[in-house]
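See structure below.
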Amino acid sequence: MKIHKESGLTLVEVLAVIVISSLIALIIYSVLSQSSTNYHKQAETNKNINDAAYALKVITKEIRKNPNTVSSNYRTELTINRGFEGEIQFVLDKEKQSINRNGVIFSTGVQDFEINFTGQAITIIITNVQGKKFSAELYLRKAGTK
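Residues in the sequence shown are numbered consecutively from 25, following our numbering.
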């Protein structure tokens, strides 16, 4: 009788390797999927923060250019009259959650845009969709507020 040397894997060993490999692949996929989801959420949050901060920066820069008049008919609307250079109007569009500049979308992800006048001081408050508030208080150099 000859003794054959039988080397190889049994069906049970193959199934065990497949199950363990599947579990490892599932864990890796779960980690990568969660990382991707977190990245997209953080990127959207950062975009909204940057948009609101940029909008406030541009609006304050326009006011600091010493316009003829700065007025606000409503708390969510700001008009800057630059004389012969024209008029710039910033208006909150609550439906689109944006601030429009002369009718064109200027900043998105904005929940609230509030203008307050106190004597020669103008307070601008922009709240993004996450509820973070950005504010600036400016003092006009000459009479020109309404």
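We put the beta carbon where it would ideally sit given N, CA and C, even for glycine.
In the DSSP assignment, what residue or residues form a beta bridge with Ser60?
Position 36 of the sequence shown, counted from the start, is the residue given in the question as residue 60. The partner list for Ser60 (beta bridge, DSSP) is empty, contrary to what the question assumes.
Residue from Gly32, Tyr163 and Val115 whose Cα sits closest to the Cα of Ala79
On the sequence shown, residue 79 is found 55 positions in, with the first residue counted as 1. Checked all of Gly32, Tyr163 and Val115; the closest Cα to Ala79 is Val115.
Can you find the residues in the same chain that come closer than 7 Å, C-beta to C-beta, to Gln154, ignoring five residues on each side of it along the sequence?
The count along the sequence shown starts at 1 and reaches residue 154 at position 130. Counting only Cβ-Cβ distances below 7 Å, and skipping sequence neighbours, we find Thr69 and Asn72.
Do Thr147 and Ser159 come within 8 Å of each other at the CB atom, strictly closer than that value?
Residue mapping note: residue 159 aligns to position 135 of the sequence shown, counting from 1. Residue mapping note: residue 147 aligns to position 123 of the sequence shown, counting from 1. A contact, by the Cβ cut-off of 8 Å.
Is Ala167 buried or exposed, if buried means 16 or more other CB atoms sit within 10 Å of its CB?
Translated into positions along the sequence shown, residue 167 becomes position 143. Low local confidence applies: a pLDDT of 49 at Ala167 is under 50, so the model's placement there is unreliable, with the coordinate-based value given in what follows. Classification for Ala167: exposed.
Quick one: measure Cβ to Cβ for Asn124 and Ile112, integer angstroms, because I've assumed they're closer than 8 Å.
Here residue 124 corresponds to residue number 100 of the sequence shown, with the count starting at 1. Here residue 112 corresponds to residue number 88 of the sequence shown, with the count starting at 1. About 11 Å separates the two Cβ atoms, so there is no contact after all.
Could you check the C-alpha separation between Thr169 and Ala77 for me, to the nearest Å?
As a working note, residue 169 is residue 145 in the sequence shown. As a working note, residue 77 is residue 53 in the sequence shown. Interpretation of Thr169 is limited by its pLDDT of 49, a score under 50 that renders its predicted location unreliable; the figure taken from the coordinates is listed afterwards. Between Thr169 and Ala77, the C-alpha separation is close to 24 Å.
Would you give the residue range spanned by the beta strand (DSSP E) that Phe137 belongs to?
Here residue 137 corresponds to residue number 113 of the sequence shown, with the count starting at 1. Unbroken beta strand (DSSP E) run through Phe137: Val134 to Thr142.
Proximity below 8 Å, CB of Thr84 to CB of Leu162
The residue you call residue 84 lines up with position 60 of the sequence shown. The residue you call residue 162 lines up with position 138 of the sequence shown. Yes.
Nearest to Gln164 (by Cα), restricted to the options Asn92, Val134 and Ile150
For this step, residue 164 is matched to residue 140 along the sequence shown. Residue identity check: residue 164 is Leu in the sequence provided, not Gln. Nearest option by C-alpha distance: Asn92.
Taking Ser122 as the reference, give the member of Ser96, Asn97 and Asp75 with the closest Cα.
Translated into the one-based positions of the sequence shown, residue 122 becomes position 98. Measuring C-alpha to C-alpha distances from Ser122 to each of Ser96, Asn97 and Asp75 identifies Asp75 as the nearest.
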